[in-house]
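The sequence shown begins at 3 in our numbering and counts up by one. Note that the Cβ used here is the ideal one computed from N, Cα and C, for glycine as well. First the structure, in the form of structure tokens, and then the observations on it.
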Amino acid sequence: MDRRRLRKISVAGAALVLIGTAVFVLRDPEPGQRPRPPGQQTTVRAFAAPSVIVPSRGARPKPPRGLDIRAGSHRLVAGWAEPAAAAGYEVRWGPDGRPDRTRLVAEPVIQLDGLDNGTRYGIEVRAVDEFGQRSDPVRGLGTPAQGLADLTPYTFVDRFNDRSGPDPARWRLVGVGDCTRAARGDGEDAHRMVLVGGCGDSDEAVALRSRTPLRLRQPAAAPDGELGRFVVQTDRPGQAGELTLDLVPGPVDLIGRQPDGAPVAAPGRATVDDSLPPGTIRVAILGQPAATVVRVLVPPGTPVLGRPVAVRPLPAPRIGLSVRWEVVLRTDGVRVLRDGEVVGGGDVVPTFTEATALVGLAGGRGAPRVAVDLIGFSGAPTATPAHVPPPRIDFERVAIGPDRPVRTTGSGRTISEVHSGQLRITLVPQREQPQIGDQFSVDVGGNRYPARPAVPGQPMRPGVRLPVVADLPGEALILDQSTGAVAVAVHSAVEEDGLATQVLSAELELTGEDRPAPPDRAGNRPLPRPRPVLAEPDAVLLDGGGTPIPVTRDAPRGRLVVEVTTDAAGAQQRSGAVAGLAGIEISLDRTPLAGIPTAADGPGIGGRWRIAIDTSRLAAGSHTIQVLAVGTDPATAFAVSYIGFVLP
Numbered sequence: 003m004d005r006r007r008l009r010k011i012s013v014a015g016a017a018l019v020l021i022g023t024a025v026f027v028l029r030d031p032e033p034g035q036r037p038r039p040p041g042q043q044t045t046v047r048a049f050a051a052p053s054v055i056v057p058s059r060g061a062r063p064k065p066p067r068g069l070d071i072r073a074g075s076h077r078l079v080a081g082w083a084e085p086a087a088a089a090g091y092e093v094r095w096g097p098d099g100r101p102d103r104t105r106l107v108a109e110p111v112i113q114l115d116g117l118d119n120g121t122r123y124g125i126e127v128r129a130v131d132e133f134g135q136r137s138d139p140v141r142g143l144g145t146p147a148q149g150l151a152d153l154t155p156y157t158f159v160d161r162f163n164d165r166s167g168p169d170p171a172r173w174r175l176v177g178v179g180d181c182t183r184a185a186r187g188d189g190e191d192a193h194r195m196v197l198v199g200g201c202g203d204s205d206e207a208v209a210l211r212s213r214t215p216l217r218l219r220q221p222a223a224a225p226d227g228e229l230g231r232f233v234v235q236t237d238r239p240g241q242a243g244e245l246t247l248d249l250v251p252g253p254v255d256l257i258g259r260q261p262d263g264a265p266v267a268a269p270g271r272a273t274v275d276d277s278l279p280p281g282t283i284r285v286a287i288l289g290q291p292a293a294t295v296v297r298v299l300v301p302p303g304t305p306v307l308g309r310p311v312a313v314r315p316l317p318a319p320r321i322g323l324s325v326r327w328e329v330v331l332r333t334d335g336v337r338v339l340r341d342g343e344v345v346g347g348g349d350v351v352p353t354f355t356e357a358t359a360l361v362g363l364a365g366g367r368g369a370p371r372v373a374v375d376l377i378g379f380s381g382a383p384t385a386t387p388a389h390v391p392p393p394r395i396d397f398e399r400v401a402i403g404p405d406r407p408v409r410t411t412g413s414g415r416t417i418s419e420v421h422s423g424q425l426r427i428t429l430v431p432q433r434e435q436p437q438i439g440d441q442f443s444v445d446v447g448g449n450r451y452p453a454r455p456a457v458p459g460q461p462m463r464p465g466v467r468l469p470v471v472a473d474l475p476g477e478a479l480i481l482d483q484s485t486g487a488v489a490v491a492v493h494s495a496v497e498e499d500g501l502a503t504q505v506l507s508a509e510l511e512l513t514g515e516d517r518p519a520p521p522d523r524a525g526n527r528p529l530p531r532p533r534p535v536l537a538e539p540d541a542v543l544l545d546g547g548g549t550p551i552p553v554t555r556d557a558p559r560g561r562l563v564v565e566v567t568t569d570a571a572g573a574q575q576r577s578g579a580v581a582g583l584a585g586i587e588i589s590l591d592r593t594p595l596a597g598i599p600t601a602a603d604g605p606g607i608g609g610r611w612r613i614a615i616d617t618s619r620l621a622a623g624s625h626t627i628q629v630l631a632v633g634t635d636p637a638t639a640f641a642v643s644y645i646g647f648v649l650p
């Protein structure tokens, strides 16, 4: 098993991993979520035990060059050239040239949000080295403004300027578990919507579903070849995680995801994904540190044109920058635009005229978090259906057998002024069936009602999400007297031996008189940005010549070098900023070896250090080195890593 891969395993708390003769301890994956106790250490003293050599400070770094500031609505984006030997950057900004806010970042670019349009802001950027030494600043001015008008002929658009959060008449947020939330942002995100999803499981997708369908023009009404467009402006995925833009010809909430390692088509061609419902077009955007990957995915049997779409290379992804993604559906193929440039595509055309639009997020470390500036459609005229606030659904998490009695009850009160409802359920079957007839039914209000695939023709495959729907009369929608929820159970027509079909989600769409959501609707507390976290330390062992020591080999006696690096970019990706670093402390078998302060001119960000130790007098056997990163803020959790070695 690869040594680097083991370091990336996410665990709760700390765990020991044994590889050959080396032992690694993997620390809690979200250190910033657990504040330190009051009075916790916030400084590091310079220290070196006998026979230990630590690095020393050199000259201060040179200042950044070429500061460029671009203005947007309530936003400034500043970029600069990276100077040599910079571990990161300190950015200060404020109105009228009086910087009163500070952020530490790893990359030579920053997006400042929540600014006042028409107000001039001063920005200062300093390079920071691994000891916290600052360069002279480079300064610039910028004024946020509305900028150029968006000329897209939207048939539906939401810029999320509602201070009370996303309008429930327009959106449904669907996820697995109770950790998903969509609300207005706070502070710098005040002019955006923020989604938080997942309970720390990076593999679980969360979907924001538009209640307004995307409708396409008829080819005869599209002389330029464009049938429709799906536009999303967001800071996702950056350098980690995944953003999916789905168009599904049916009433769905959650759909399947292609397994990792599936074959990928050539650039400009669509990739077949057999987890997708028939007729679906998915654009999957995968964020990676070195590059962003864009793929157009379609289900088996989708007709192809045979002509690839010409695409351009993607620019390097940056952390925290909003990007405008556009899925353009044309008679000559699908094109994916990033800030106006064609960076992906597929040689397919949609077979639907109307589709449900889903914005999905998954992957990355911890619970996904995404800020959204805009979602819109263009195409044929469309309309949002009447909004009737849905009740909460209490549903059983697995399907039950065909001969089991009805689980729900007809006692309770019905929902007033509701004509009917459509129950949307996401199943995960555990066995295969090519065609689904009356395989499933739903148990609601003391009666059974048939359920059908949300998209006709989707087969039932083990482990693949299967959206089903059931049409319910108004009298079936009984609210439990104690919980105020509608109880639901799913029945399978076949007794399922072993693992039963899972029920991932259940949502209810009601028909009745339109009821606008009240402005003070519950659950609209703003979502603040997460607290900055420390850059995580990582350590490797080198011999006296600077060559890494294989984990399967004993360490040599004599001089041994511990090389410590920190992942500042990873910290910024998780929390939007890097927490200030006071220094690192290294110990051997719980005995202090060295302390390296990193806050010479202010909080450090991270860096790379080499510490030489003498192992000639150590006993034979296993030894453990601990690297501890200490923050300057007492509310910031420690970050720690361990590496072990064996002496002959």
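Roughly how many angstroms lie between the CA atoms of Gln574 and Val107, to the nearest whole one?
Looking up residue 574 in the sequence shown gives position 572. Looking up residue 107 in the sequence shown gives position 105. Whole-angstrom Cα-Cα distance: 7 Å.
Could you check which residue in Pro301, Val234, Gly423 and Arg399 has the C-alpha nearest to that of Gly342?
If you number the sequence shown from 1, residue 342 lands on position 340. When the alpha-carbon of Gly342 is set against those of Pro301, Val234, Gly423 and Arg399, the nearest one is in Val234.
What did DSSP end up calling Pro539 once you bin it into helix, strand or coil?
Taking the sequence shown and counting its residues from 1, the one referred to as residue 539 is at position 537. Pro539: strand per DSSP, three-state reduction.
Rounded to the nearest angstrom, what separates Ala524 and Leu175 at their Cα positions?
Counted from its first residue, the sequence shown places residue 524 at position 522. Counted from its first residue, the sequence shown places residue 175 at position 173. Model confidence at Ala524 stands at a pLDDT of 43, short of 50, so the residue's coordinates are unreliable and nothing is read from them.
Verify whether the separation of the beta carbon atoms of Val345 and Val296 is less than 8 Å.
In the sequence shown, counting from the first residue as 1, residue 345 sits at position 343. In the sequence shown, counting from the first residue as 1, residue 296 sits at position 294. Contact: yes.
Applying the criterion that 16 or more other CB atoms from any shown protein chain within 10 Å of the CB defines a buried residue, is Val266 buried or exposed?
Translated into the one-based positions of the sequence shown, residue 266 becomes position 264. Burial state of Val266 is exposed, judged by a 10 Å Cβ sphere holding fewer than 16 other Cβ atoms.
How should Ala223 be labelled, buried or exposed, when 16 other C-beta atoms within 10 angstroms of its C-beta is the threshold for buried?
Looking up residue 223 in the sequence shown gives position 221. Around the beta-carbon of Ala223, fewer than 16 other beta-carbon atoms lie within 10 Å, marking it exposed.
Whole-angstrom C-beta distance between Asn119 and Leu75, which should lie under 8 Å:
Against the sequence shown, residue 75 aligns to sequence position 73. Against the sequence shown, residue 119 aligns to sequence position 117. Note that residue 75 is Ser in the sequence shown, not Leu. Contact flag correct, Cβ pair sits at about 6 Å.
Given Leu590, which residues of its chain have a CB within under 6 Å of its CB, disregarding the five upstream and five downstream residues?
For the purposes of this step, residue 590 is identified with residue 588 of the sequence shown, where counting begins at 1. Around Leu590: Ile627.
For the candidate residues Ile588, Ile551 and Ala491, whose alpha-carbon lies nearest to that of Pro539?
Within the sequence shown, the letter at position 537 stands for residue 539. Checked all of Ile588, Ile551 and Ala491; the closest Cα to Pro539 is Ile588.
C-beta atoms of Pro101 and Ala129 nearer than 8 Å
Translated into the one-based positions of the sequence shown, residue 101 becomes position 99. Translated into the one-based positions of the sequence shown, residue 129 becomes position 127. Going by beta carbons, Pro101 and Ala129 fall outside the 8 Å limit.
Considering only residues of the same chain and omitting the five flanking positions on each side of Ala357, which have a CB-CB separation below 7 Å?
Along the sequence shown, one-based indexing puts residue 357 at 355. Pro215, Leu216, Leu249, Val250 and Pro251.
Across which residues does DSSP place Asn449 in a beta bridge pair?
Along the sequence shown, read from residue 1 onward, the residue named residue 449 stands at position 447. Beta-bridge annotation (DSSP): Asn449 is paired with Val446.
Determine the contact status of Pro279 and Val300, defining contact as a CB-CB distance below 8 Å.
Indexing the sequence shown from 1 puts residue 279 at position 277. Indexing the sequence shown from 1 puts residue 300 at position 298. No.
From Ala472, Ala373 and Leu481, residue whose alpha carbon lies closest to that of Pro532:
Reading the sequence shown from its first residue, position 530 is the one you call residue 532. It is Ala373 whose Cα lies nearest to the Cα of Pro532.
Quick check on the DSSP output: the beta strand (DSSP E) that includes Ser422 runs from which residue to which?
Within the sequence shown, numbered from 1, the residue matching residue 422 stands at position 420. Residues Val420 to Val430.
Counterpart residues of Leu249 in DSSP-defined beta bridges:
Working through the sequence shown from its first residue, we reach residue 249 at position 247. According to DSSP, which records beta bridges pairwise, Leu249 is partnered with Ile283 and Ala359.
Buried versus exposed, by CB contacts within 10 Å (16 or more), Arg259:
Within the sequence shown, numbered from 1, the residue matching residue 259 stands at position 257. Burial of Arg259 is indicated by the presence of at least 16 other C-beta atoms within 10 angstroms of its C-beta.
Whether or not the segment 572 to 586 and the segment 596 to 609 are in contact is what I'm after, with contact meaning three or more pairs of Cβ atoms, one per stretch, closer than 8 Å; do they touch?
Short answer: they touch.
Considering only C-alpha positions, which residue in the set Ser137, Thr333, Val632 and Ala184 is nearest to Val198?
Position 196 of the sequence shown, counted from the first residue, corresponds to residue 198. It is Ala184.
Could you tell me which of Ala631, Gly412 and Asp169 sits nearest to Leu479, measuring between CA atoms?
Walking along the sequence shown from the start, residue 479 turns up at place 477. Leu479 has its Cα closest to that of Gly412, out of Ala631, Gly412 and Asp169.
In angstroms with no decimal places, state the Cα-to-Cα distance between Arg467 and Gly403.
The count along the sequence shown starts at 1 and reaches residue 467 at position 465. The count along the sequence shown starts at 1 and reaches residue 403 at position 401. Taking the Cα positions, Arg467 is about 19 Å away from Gly403.
Along the alpha helix (DSSP H) that carries Ser624, what are the first and last residues, could you check?
The residue labelled residue 624 in the question sits at position 622 within the sequence shown. Element bounds for Ser624: not the alpha helix (DSSP H) but the beta strand (DSSP E), Gly623 to Gly633.
Reduced DSSP category for Arg527 - H, G, I as helix; E, B as strand; rest coil
Sequence index remark: in the sequence shown, residue 527 carries index 525 (1-based). Arg527: coil per DSSP, three-state reduction.
For Ile615 and Ala51, what's the separation of their Cα atoms in angstroms?
For this step, residue 615 is matched to residue 613 along the sequence shown. For this step, residue 51 is matched to residue 49 along the sequence shown. In this structure, the straight-line span from the alpha carbon of Ile615 to that of Ala51 is close to 9 Å.
Using C-beta distances below 6 Å, list every residue in its chain close to Gly281, excluding the 5 sequence neighbours before and after it, in chain order.
Taking the first residue of the sequence shown as 1, we reach residue 281 at position 279. Shown here for Gly281: same chain residues with a beta carbon closer than 6 Å to its own, the five before and five after excluded, namely Pro251, Thr353 and Phe354 in chain order.
Classify Leu153: buried if its beta carbon has 16 or more other beta carbons within 10 angstroms, exposed otherwise.
Indexing the sequence shown from 1 puts residue 153 at position 151. Around the beta carbon of Leu153, fewer than 16 other beta carbons lie within 10 angstroms, which makes this residue exposed.
So for Arg576, helix, strand or coil by DSSP?
As a working note, residue 576 is residue 574 in the sequence shown. In the displayed model, Arg576 falls within a helix according to three-state DSSP.
Whole-angstrom distance between Trp95 and Pro636, CA atom to CA atom
In the sequence shown, the residue the question calls residue 636 occupies position 634. In the sequence shown, the residue the question calls residue 95 occupies position 93. Taking the straight line from one Cα to the other gives about 24 Å.
Determine the direct distance from the alpha carbon of Gly486 to that of Pro455, and round the result to whole angstroms.
Locating residue 455 in the sequence shown gives position 453, where the first residue counts as 1. Locating residue 486 in the sequence shown gives position 484, where the first residue counts as 1. Their Cα atoms are separated by approximately 28 Å.
Span separating the alpha-carbon of Thr145 from that of Leu114:
Indexing the sequence shown from 1 puts residue 145 at position 143. Indexing the sequence shown from 1 puts residue 114 at position 112. If I take the Cα positions, the gap works out to 11 Å.
Sheet register partners of Trp82 (DSSP bridge)
Start at 1 with the first residue of the sequence shown, and residue 82 comes out as number 80. In the DSSP output, where bridge partners are listed per residue, Trp82 has none listed.
Cβ separation of Val490 and Val446, assumed to be a contact under 8 Å, to the nearest whole Å:
Within the sequence shown, residue 490 is the residue found at index 488, counting from 1. Within the sequence shown, residue 446 is the residue found at index 444, counting from 1. Sure, about 6 Å apart at Cβ, within 8 Å.
Specify the secondary structure class of Gly189 as computed by DSSP and reduced to three states.
To locate residue 189, count along the sequence shown from 1; it is residue 187. DSSP places Gly189 in helix when its eight states are reduced to three.
Determine the DSSP secondary structure at Ala584, reduced to helix, strand or coil.
By one-based count along the sequence shown, residue 584 stands at place 582. Strand, per DSSP.
Where does Ala184 fall in DSSP's three states?
For the purposes of this step, residue 184 is identified with residue 182 of the sequence shown, where counting begins at 1. Ala184 falls in the strand class under three-state DSSP.
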